[in-house]
Ligand code: AMP
Ligand code: ZN
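Numbering (this note's numbering), first residue to last: 61 to 527.
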């Protein structure tokens, strides 16, 4: 049997995956900043994490999955400048920052459910883990790895010889850049805030806490280092996020955690999802150009058709969003569901000897760094196969859908309901015919025909089949 191989950003290569404890894969996924609805690009990041999780299970591993909710501290600028996105949104919407966070967290979870994304074992919010974050800063301070300037406590990257290894940063080039641009009071442009102090003027922040360094709020990267270790221990197996997180967010998470917890490597596999591009440039929530799942549904497109669209590209491959591509995905998805429904009723068996071959190929492509496009190709081959019987197709479809999550196995639930409805209509039609109400009986026949159900009146009674 082939073994699961995953691309590790740390080594820039595919490596065989095995949980550190041999049994439970411990996975942390950087979650959303909840100041607005997640757009389709953001959602791609969680569809990738979900595919990973399903593939881990498919390989027989248990999975412990944590996703965080960033509800404080993510500034509009990655260089520790700009405003807190939550406070900004609160001002714009005239709600409290807490209400904004609640509102968009609920919407996010609902969107994931619509996309068949399995819920994590732990959801954790930055604002509910302030003591853990303060403790991590204090530890780093005790080790002499921090310094204070006017607006907060910063991590001194010059004290960490391993800083920037994940992103393979060229720190010398960055120092030169700093001299050119003359960055503010930070000692190096890559040093980053651990604790930001609230502004000294009258503009009060809604979200702020007391700390040994003064009233303020945690730097964005801190929550992920602190919460992942709390819920998964250290080291742990896999950390996921968007590819944009490599040079700053994940680089800084590593610096904090490896120094505070004295464990290196802190995370065994770093995995990054590529971007979804929307017309001109990446889909950016902050620019308001990203389409949401609500808008997708508003166009009569099933959220799972969006899932199918996303699975059509490898997770490390940049994708372009177009209306046509989304519509094509809907057509394909409807076709797939129709096949799945038909197969629920199938009783013909054939091609049993071919089943292991399809199974093997599907597992091989999934184990090859989650190659979903190839996995979909195997799925379509099964659906279209002339050798496989309906029973065998149904078995394979259900198995594959454990990984793809397209809701095909749920057709199982839909099918009996559908059958019951058809039988009911046939009974009504028979009653109408007995009452010589031929107009009513014809109406029922036409209604069913429109759904692709053909009625045949035989001596034993009325039978039905799909067109
Ligand atoms: P944020 O809410 O900005 O912290 O982003 C949440 C997640 O979505 C992060 O993992 C980002 O890397 C990811 N992300 C943001 N925009 C895109 C995009 N256009 N395509 C794919 N992933 C994205
Ligand atoms: Zn994170």
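Just so it is clear, CB atoms sit at the ideal spot from N, CA and C, and this is done for glycine as well.
Asked: Using DSSP with H/G/I as helix, E/B as strand and the rest coil, what is residue 335?; Found: coil
Asked: Alpha carbons only, please: which of 423, 268, 70 is nearest the one belonging to residue 299?; Found: 70
Asked: Would you kindly work out how many angstroms separate the C-alpha atoms of residue 507 and residue 519, rounded to a whole number?; Found: 23 Å
Asked: I think residue 457 touches residue 400, with their Cβ atoms under 8 Å apart; what is that distance to the nearest whole Å?; Found: 6 Å
Asked: In its own chain, which residues sit with a C-beta less than 6 Å from the C-beta of residue 257, not counting the 5 before and 5 after it?; Found: 211, 212, 274, 276
Asked: Are the CB atoms of residue 379 and residue 337 nearer to each other than 9 Å?; Found: yes
Asked: What's the gap between the Cα of residue 259 and the Cα of residue 144?; Found: 12 Å
Asked: Does any heavy atom of ligand 1 sit closer than 8 Å to the C-beta of residue 303?; Found: yes
Asked: Report the rounded CA-to-CA distance for residue 240 versus residue 230, giving the unit in angstroms.; Found: Residue placement at residue 240 cannot be trusted, given a pLDDT of 43 that sits under 50; what the coordinates show is reported in the next sentence. If I take the Cα positions, the gap works out to 16 Å.
Asked: State the Cα-Cα distance for the pair residue 196 and residue 286, rounded to the nearest angstrom.; Found: 7 Å
Asked: Name, in chain order, the residues that DSSP records as bridge partners for residue 516.; Found: 523
Asked: Below 8 Å, is the gap between the Cβ of residue 335 and the nearest heavy atom of ligand 1?; Found: yes
Asked: According to DSSP, is residue 243 helix, strand or coil?; Found: With a pLDDT of 43 at residue 243, under the threshold of 50, the predicted position of this residue should be treated as unreliable, and no value is reported.
Asked: Within the structure, which residues are defined as neighbours of ligand 2 by a Cβ-heavy atom distance below 5 Å, reported in chain order?; Found: 90, 284
Asked: Please determine whether the Cβ atom of residue 377 lies at a distance below 8 Å from any heavy atom of ligand 1.; Found: no
Asked: Kindly provide the ranges of any beta strand (DSSP E) runs that are 3 or more residues long and lie completely inside the segment 376-411, ordered along the chain.; Found: 379-381
Asked: What residue range does the beta strand (DSSP E) around residue 276 cover?; Found: 276-278
Asked: May I ask whether a heavy atom of ligand 1 can be found less than 8 Å away from the beta carbon of residue 460?; Found: no
Asked: Are there 16 or more other CB atoms within 10 angstroms of the CB of residue 179, so buried, or fewer, so exposed?; Found: exposed
Asked: I need the DSSP call for residue 427, collapsed to helix, strand or coil.; Found: helix
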